[in-house]
Structure formats: structure tokens, C-alpha cells
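Worksheet: one structure, shown below.
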Amino acid sequence: MPPSTVNATSDGHTFSPALRDQQREVNALYEQVPELAERGREEFRKLFEAGHAQWDSGSTQTALESFGAAYVMARELNYRLGEGMAVERAALCYRVLGEHTRALTMLQGAVRLFEAQADTAAMASALINLAQTHAELGQLPEAARAFEQSRRAASRLYDVPLEIAALVKGAMVELRRESASDAVRLLGQALGLTVASGNTTEEVRVLQRLAAAHGVLAEAWHKASRAYESVREAPAPAEGADETDGVPRESPCASTEDSGSAEEERGMPVAGEDAWAKYEEATLGAVRILERAAKLTEQLEHGEELRLQVFRQLRAHYKRLEDDSAVTRCERDIDQLSELLSSQQG
Numbered sequence: 001m002p003p004s005t006v007n008a009t010s011d012g013h014t015f016s017p018a019l020r021d022q023q024r025e026v027n028a029l030y031e032q033v034p035e036l037a038e039r040g041r042e043e044f045r046k047l048f049e050a051g052h053a054q055w056d057s058g059s060t061q062t063a064l065e066s067f068g069a070a071y072v073m074a075r076e077l078n079y080r081l082g083e084g085m086a087v088e089r090a091a092l093c094y095r096v097l098g099e100h101t102r103a104l105t106m107l108q109g110a111v112r113l114f115e116a117q118a119d120t121a122a123m124a125s126a127l128i129n130l131a132q133t134h135a136e137l138g139q140l141p142e143a144a145r146a147f148e149q150s151r152r153a154a155s156r157l158y159d160v161p162l163e164i165a166a167l168v169k170g171a172m173v174e175l176r177r178e179s180a181s182d183a184v185r186l187l188g189q190a191l192g193l194t195v196a197s198g199n200t201t202e203e204v205r206v207l208q209r210l211a212a213a214h215g216v217l218a219e220a221w222h223k224a225s226r227a228y229e230s231v232r233e234a235p236a237p238a239e240g241a242d243e244t245d246g247v248p249r250e251s252p253c254a255s256t257e258d259s260g261s262a263e264e265e266r267g268m269p270v271a272g273e274d275a276w277a278k279y280e281e282a283t284l285g286a287v288r289i290l291e292r293a294a295k296l297t298e299q300l301e302h303g304e305e306l307r308l309q310v311f312r313q314l315r316a317h318y319k320r321l322e323d324d325s326a327v328t329r330c331e332r333d334i335d336q337l338s339e340l341l342s343s344q345q346g
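Residues in the sequence shown are numbered from 1 upward in steps of one, following UniProt numbering.
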């Protein structure tokens with residue numbers, strides 16, 4: 001009679017020695033899981049870092065392949081945060097390669113992955129990239145919303161540099177939407193953050209953009225003033241015609257949050273004198289902002305290039321005000337800075 005292949009335990013249960021051997025093998029494999037997972041994470045990190053290095057060197061297509069491989073590895077490891085990281089970077093590669101629609105879809109997916117993992121920092125960064133992609137596609141309302149979402153996330157994290165970036169980029173979108181007042185509002189918030197953080201270089205850059213936004217406001221009011229004057233000087237309208245035809249009925253740069261005076265809110269014409277006064281106010285505002293920026297550049301070590309940019313902006317606004325003496329002073333400073341920079345480069 002052959003020996004039994006089944007053994008009995010003291011409590012009466014039976015088991016197969018072969019089954020016990022299989023259980024030992026399974027237990028041994030389970031013990032290896034942490035080590036195998038760590039190896040997988042290490043492989044993911046290598047692929048991800050390789051993608052970054054290739055991206056930095058300008059090898060976008062090769063970087064895309066590395067990020068794609070990193071994504072596959074993260075999927076196999078059930079590493080959701082890694083999936084989001086790889087998808088976001090691959091999306092940026094696609095954007096550089098001109099495939100903006102695909103990049104947009106992938107960035108939306110990355111935002112969802114980061115949100116599911118409660119990684120607010122990664123989500124805020126992905127939202128900025130998403131907003132930028134919307135902007136490049138001309139989807140400006142969507143871009144503005146994404147920048148605002150990013151700003152809120154950065155604010156929750158007390159990530160001041162990221163919040164400033166979201167505000168400044170959002171302001172540039174508002175300028176493209178012809179909402180200069182909203183741009184001024186956002187840049188004002190960004191300026192407050194830069195002052196509080198003590199970052200003088202960033203403060204100067206925000207001031208430059210704030211001056212540019214005031215310049216857009218000035219140009220809009222200038223056009224409104226000219227339009228009003230052209231209508232006022234035109235022949236009297238025919239009987240029965242609307243006497244305000246062709247007159248700007250509201251501020252061409254009214255904020256979506258603050259539409260200005262009660263007259264503008266009711267759609268009444270902007271008086272030529274009022275428009276001209278607002279033009280001068282906006283232009284003077286830009287000048288004062290840039291004069292402040294120029295003074296701040298004196299505190300910067302190696303700030304000549306930034307100072308030169310500020311003086312060039314100032315010259316343009318002084319010309320608008322027809323302040324010849326200020327223009328002359330500006331041009332003298334520009335020449336001196338240009339010579340200094342040339343000597344440094346030589």
C-alpha cells in the first residue's frame with residue numbers, strides 16, 4: 001500500500017504536503033513584495049529623471065518616450081501620483097510638439113489624478129500648465145478659471161512664488177480678453193505678495209507688467225476720447241436718427257467685477273472730457289509705477305538689464321505725455337546702461 005500523501009493535524013483537519021510547499025512559496029513571494037515595489041519605484045525614478053534630462057537638453061521626442069515609459073511603470077505599480085507626474089510631463093512634450101489638444105486632455109487627467117491623491121502642490125502646478133495650454137489654444141475664459149484655481153491652491157499651501165505666478169499669468173490672459181481693469185486688479189494682488197516676500201527682482205517685474213496694464217487702459221481711454229470727439233465734430237444726425245450713434249456707450253476697458261461709474265453701468269456715453277482725464281490718469285499711473293520700479297533696480301546687484309528694460313518702458317510713457325525733458329533724461333540713462341552692458345559682455 002503506497003504511503004499517504006495527506007497528513008492530519010491534531011484538530012482533525014487534513015492538508016497536503018504539496019499544498020504546504022506552495023503556501024511557503026507564496027509567503028516567500030509576499031515577503032519580496034516591498035523589495036520588488038521599491039525596485040519598481042527606483043526604475044520609475046530613473047525613467048522620470050531621464051525624461052527631465054532629455055527635456056532640458058531640448059530632446060523633446062526622446063523625453064516624451066521616457067515619460068511614456070515612466071507612466072507605464074507607474075501604472076503597473078499602481079503608483080497614482082507617479083502616473084500624474086508622468087502624464088503632466090508628457091503633456092508638456094506634446095504641447096512643445098504642437099499637439100495642444102492632446103496636451104490639454106492629458107493635463108486635465110493629471111489634475112484629476114493629483115486631486116484624487118490630495119496632492120495640492122502638484123495639482124496647483126498642473127493647473128498652471130493647463131491654464132497656459134488653454135491660453136495657447138485661445139480658450140481664454142477657461143484659462144482664466146484654471147489660473148484662478150491654481151492661485152487658490154497655492155494660497156492654501158502658502159506657496160507665494162506659485163501664487164504670484166498664477167496671478168501674473170492670469171493678468172496677462174485678462175489683457176488678451178481686453179479686460180485691463182481685471183488685469184490691474186490681479187497684478188495689484190501679485191504686487192502685494194512680492195512686497196511682503198521681500199523679493200525685489202520679482203517686485204520690479206510685477207511693476208513692469210502693472211505699468212503695461214495701465215498703458216492698455218490709457219490706450220483704451222484715448223480711443224474712447226477720439227471716438228467721442230469725432231462724433232461731436234460730425235454733422236448733425238438726420239431727423240429720427242439716434243444722436244448717440246457711434247459714441248462709446250461704456251468704458252472700453254470696464255472690469256467684469258467693477259464696471260465703473262453709474263453712468264457707464266447704465267450704458268450712457270462716456271464724455272470726451274472724462275475719457276481724456278482717464279487717459280491721462282492711467283498714463284500718469286504707469287509713469288509713477290515705472291519710476292518706482294527704476295528706483296528699486298538701484299538696490300539690485302547686477303540689475304542693469306532689468307533697469308534698462310524699465311527705462312525703455314518709461315521713455316514710451318513720457319512720450320505719450322509729451323514730456324520732452326523726461327524723454328531726454330530717459331534716453332541718456334538708456335545710453336549709459338547700454339554702454340555699461342556692452343562693456344560687461346565684451
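Don't be surprised by glycine CBs; every beta carbon is placed ideally from N, CA and C.
Legend entry - Through-space distance from S197 to A124, alpha-carbon basis: 20 Å
Inset, instruction - Would you mind giving the Cβ-Cβ distance between E174 and A144, rounded to the nearest angstrom? I have them listed as a contact below 8 Å. - result: 7 Å
Inset, instruction - Could you check the C-alpha separation between A53 and G170 for me, to the nearest Å? - result: 29 Å
Inset, instruction - Give the straight-line distance between the Cα atoms of V111 and A212, rounded to the nearest whole angstrom. - result: 32 Å
Inset, instruction - Determine the direct distance from the alpha carbon of L284 to that of I334, and round the result to whole angstroms. - result: 21 Å
Inset, instruction - Just confirm the distance between the C-beta atoms of L104 and H134, as a whole number of angstroms; I'd bet it's less than 8 Å. - result: 7 Å
Legend entry - Chain-order list of residues whose beta-carbon lies under 6 Å from that of H214 (same chain, five-residue window excluded): A282, G285, A286
Inset, instruction - Would you tell me roughly how many angstroms separate the C-alpha atoms of W276 and R320, rounded to the nearest one? - result: 13 Å
Legend entry - Residue range of the alpha helix (DSSP H) that includes residue 432: Residue 432 cannot be examined here, being either before or after the span of the chain that is shown, 1 to 346.
Legend entry - Under the three-state DSSP convention, the category A118 falls into: coil
Inset, instruction - Report yes or no: do three or more beta-carbon pairs, one from the region 291-301 and one from the region 222-231, lie closer than 8 Å? - result: no
Inset, instruction - Specify the secondary structure class of Y228 as computed by DSSP and reduced to three states. - result: helix
Legend entry - Alpha carbon of S325 to alpha carbon of D182, nearest angstrom: 33 Å
Inset, instruction - Using only alpha-carbon positions, find the residue among L207, A131, L92, S342 that is nearest to L314. - result: L207
Legend entry - Rounded Cβ spacing between L92 and S66 (contact assumed at less than 8 Å): L92 to S66, Cβ: 13 Å. No contact.
Legend entry - Cβ neighbour criterion (16 or more within 10 Å) applied to Q344: exposed
Legend entry - Helix, strand or coil at E339 according to DSSP, with G and I counted as helix: helix
Legend entry - Beta-carbon separation (whole angstroms), F114 vs G138, contact threshold 8 Å: Not a contact, Cβ separation roughly 26 Å.
Inset, instruction - Apply the 10 Å Cβ neighbour rule to Y279 and answer buried if 16 or more other Cβ atoms are within range, or exposed otherwise. - result: buried
Legend entry - Closest Cα partner of L308 within the set R288, I289, E339, E322: E339
Legend entry - Proximal residues to A50 (C-beta, below 7 Å), its chain only, five neighbours per side dropped: S66
Legend entry - Beta-carbon proximity check, L107 vs E76, cutoff 9 Å: no
Inset, instruction - Rank D119, A166, S59, A116 by C-alpha distance to the C-alpha of L130 and give the top, closest one. - result: A166
Inset, instruction - Please go through the same chain and pick out, in chain order, the residues whose beta-carbon is closer than 8 Å to the beta-carbon of R266, but skip the five residues on each side of it. - result: Since pLDDT at R266 reaches only 33, below the 50 mark, its modelled position is unreliable, and no value is offered.
Legend entry - N129 in three-state terms, based on DSSP: helix
Legend entry - Separation of I289 from R329, as counted between CA atoms: 17 Å
Legend entry - Whole-angstrom distance between G40 and L186, CA atom to CA atom: 44 Å
Inset, instruction - Measure the beta-carbon distance from A121 to L157 and round it to whole angstroms, keeping in mind my assumption that it falls under 8 Å. - result: 6 Å
Inset, instruction - Give me the Cα-Cα distance between R312 and R176, rounded to the nearest whole angstrom. - result: 22 Å
Inset, instruction - Let me know if Q61 comes out buried or exposed under the rule of 16 or more other beta-carbons within 10 Å of its beta-carbon. - result: exposed
Legend entry - Whole-angstrom distance between T200 and Q132, CA atom to CA atom: 26 Å
Legend entry - Nearest candidate by alpha-carbon position, reference A86, set N78, Y94, A74: A74
Legend entry - Element boundaries [alpha helix (DSSP H), containing S181]: 180-197
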